[in-house]
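To start, the structure under review is shown below, and the notes come after it.
In my numbering, the protein residues as written are 8 to 85.
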């Protein structure tokens, strides 16, 4: 969300950096040298196993992780 509390859309292929404060668990996103607050959508529970962090070092790994996630979501929907 931007400073006016409206949703900031980030398009496919856009590079962002995600930061999490390990003490407060606050997540911030750096996009175009501006930090945006991230908010969890109400009603969306997070499974403790899904909270595990994964270090992604390059675009190829990111695409693989996202592809695997999409496959899991499709399997769950069927």
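No residue lacks a Cβ here, since even glycine has one placed at the ideal position from N, Cα and C.
Computed from a prediction, not measured in an experiment: that's the story for all the values here.
DSSP places residue 75 in the helix class (H, G or I) of the three-state scheme. Counted as a single uninterrupted DSSP element, the stretch harbouring residue 63 is not any beta strand (DSSP E), since DSSP gives it neither H nor E.
Looking at the backbone, the Cα of residue 80 and that of residue 67 are separated by about 20 Å. Per DSSP, the continuous beta strand (DSSP E) segment holding residue 37 begins and ends at 34-38.
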